[in-house]
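A.B. asks: I have a structure I would like to understand better, so I am pasting it below and will then ask my questions one at a time.
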Amino acid sequence: MTEAKIRIQNLYKIFGPKPQSVISKVQEGMSKQELLEEHGHVLGLKDINIDIPARGVSVIMGLSGSGKSTLIRHINRLIEPTSGKMIVDDQDVLAMSKDELIEFRRYKASMVFQKFGLHVHRTVAENAAYGLIIQGTPVQEAKQLSQKWIERVGLGGFEGHYPSQLSGGMQQRVGLARALSTDAEILLMDEAFSALDPLIRTDMQDVLLGLQEELHKTIVFITHDLDEALRIGDSIAILRDGAVIQQGDPQDIIMHPSDDYIVDFVQDINRGRVIRLKTLMAPGESTSGPNLPHTMNLELALPLISEAESKSGNVVDDDGQIIGSISLEQIISGLTRPDVDTGSETRYQ
Ligand SMILES: Nc1ncnc2c1ncn2[C@@H]1O[C@H](COP(=O)(O)OP(=O)(O)OP(=O)(O)O)[C@@H](O)[C@H]1O
Ligand SMILES: [Mg+2]
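If you use the numbering used here, the sequence shown corresponds to residues 196 to 544, in order.
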């Protein structure tokens with residue numbers, strides 16, 4: 196088990212004049228719509244339980260209004276819950292004093308915003324140094340320290356530019372450099388790449404993944420885009436109407452979506468590109484077929500297995516050890532869109 200860096204436990208958020216007076220209704224199962232119609236309160240989050248492991252990218256996904264921003268803003272207590280717990284590194288975030296909370300936001304959990312959140316009258320260098328300056332680092336030293344990150348995100352040479360002189364992708368790189376300069380262990384990214392054009396967005400995902408390989412931050416990443424979630428997420432939690440309806444390994448969610456809402460998310464993805472052999476393989480050794488790496492996707496494996504006389508092959512781990520077998524039939528069933536998983540576990544066997 197990996198250690199949980201952030202523990203979210205039984206978290207509820209109800210917006211409205213008297214949230215405490217209606218929380219029991221929600222706990223008894225009242226829906227978001229009923230709560231609004233009968234009691235004039237908005238259900239923001241309902242009984243959220245998520246353990247976010249250290250040093251991974253945890254994605255939170257859901258449609259507009261499902262509660263993603265509300266959830267991530269609880270982590271650094273920009274929003275107070277109606278009830279529940281938020282523990283970060285065994286520290287109770289809800290018990291922190293005002294000063295402790297300021298420290299926590301400055302040093303421990305940096306936020307990267309969708310709209311970049313840059314100061315328009317400050318240069319790239321000043322914006323990137325800003326997180327350090329508010330930590331109390333003298334300006335010159337802050338600029339020196341953040342220079343490394345300006346270069347690391349590919350903005351070397353642009354230090355004297357203003358945000359308005361930069362493209363969206365470049366502005367978001369400044370946002371990232373600012374968050375990284377603070378050395379915070381946790382990055383909270385609320386739709387950080389959603390405002391970017393598709394190609395630039397893919398570039399930024401690559402920048403983030405490259406950095407993550409080196410830095411191993413604990414990243415909470417919000418998106419409503421499944422392709423993005425699959426590219427960067429080590430785990431995914433899916434929200435609907437303020438509740439987590441499925442969480443786990445991305446590959447597992449694709450293979451076993453727990454209801455129609457998730458089927459809608461997963462039906463348009465390119466299954467051949469995102470599903471990997473490890474997800475589909477059966478235990479045991481195969482045959483005379485080729486040895487294929489467990490990370491290979493179905494699109495690449497399909498021709499290789501079709502050509503093999505046995506119409507099957509072995510799946511090998513990073514060290515070349517055989518960890519299972521894969522057949523043409525399994526690949527084809529993996530490429531087929533799923534219906535709702537009934538829990539019978541028979542569909543892909
Ligand atoms: N301050 C507030 N007062 C009242 N209702 C709120 C408030 N903030 C959020 N809500 C409601 O809580 C629910 C969740 O909103 P939230 O902004 O967290 O959704 P989201 O998943 O981030 O959506 P989006 O993808 O559009 O950013 C929505 O129904 C929203 O209207
Ligand atoms: Mg939001």
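Cβ coordinates follow ideal geometry from the N, Cα and C atoms, glycine included.
1. Can we count S264 as close to ligand 2, meaning its CB is less than 7 angstroms from some heavy atom?
2. What is the DSSP secondary structure of Q544, counted as helix, strand or coil?
3. I need the straight-line Cα distance from V415 to K303, nearest angstrom please.
4. Are the beta-carbon atoms of P358 and N322 separated by less than 8 angstroms?
5. Less than 8 angstroms separating the beta-carbons of L383 and I527?
6. Name the two residues that bound the continuous beta strand (DSSP E) containing F416.
7. When you measure from the CB of S423 to every non-hydrogen atom of ligand 2, does any distance come out below 7 angstroms?
8. Return yes when the C-beta of D287 is under 7 angstroms from any heavy atom of ligand 2, and no when it is not.
9. To the nearest angstrom, how far is it from the Cα of N290 to the Cα of E354?
10. Look at the Cβ atom of T418, then the Cβ atom of M256, and state whether they are nearer than 8 angstroms.
11. State buried or exposed for V254, treating a residue as buried only when at least 16 other CB atoms are found within 10 Å of its CB.
12. From the DSSP output, which residues share a beta bridge with N486?
13. Confirm, please, whether the CB-CB distance from Q446 to T490 is below 8 angstroms.
14. With a cut-off of 8 angstroms on the beta carbons, I'd call N486 and G508 a contact; round off their distance for me.
15. By alpha-carbon positions, which one of I464, V510, D459 and T332 ends up nearest to E480?
16. Please return the same chain residues whose Cβ sits closer than 6 angstroms to the Cβ of V469, not counting the five positions on each side in sequence.
17. Could you tell me the distance, in whole angstroms, from the CA atom of K553 to the CA atom of E229?
18. Just list the alpha helix (DSSP H) runs in the region 307-369, keeping only unbroken ones of 4 residues or longer that don't cross its boundaries, in chain order.
19. Measuring straight from C-alpha to C-alpha, what distance separates P452 and S259?
20. How would you call S216, buried or exposed, if buried means at least 16 neighbouring beta carbons within 10 angstroms?
C.D. replies: Here's the rundown:
1. yes
2. With a pLDDT of 35 at Q544, under the threshold of 50, the modelled position of this residue cannot be trusted; read the value that follows with caution. In the structure shown, Q544 sits in coil (DSSP, three-state: anything other than H, G, I, E or B).
3. 13 angstroms
4. yes
5. no
6. T413 to T418
7. In the sequence on display, residue 423 carries Glu and not Ser. No, the beta carbon of E423 sits no closer than 7 angstroms to any heavy atom of ligand 2.
8. no
9. A quick correction: the sequence has Ala, not Asn, at residue 290. Their backbone Cα atoms lie some 40 angstroms apart in a straight line.
10. yes
11. buried
12. N509
13. no
14. 7 angstroms
15. V510
16. L425
17. Residue 553 is absent from the model: the chain starts at 196 and stops at 544.
18. 319-329 and 334-347
19. 19 angstroms
20. exposed
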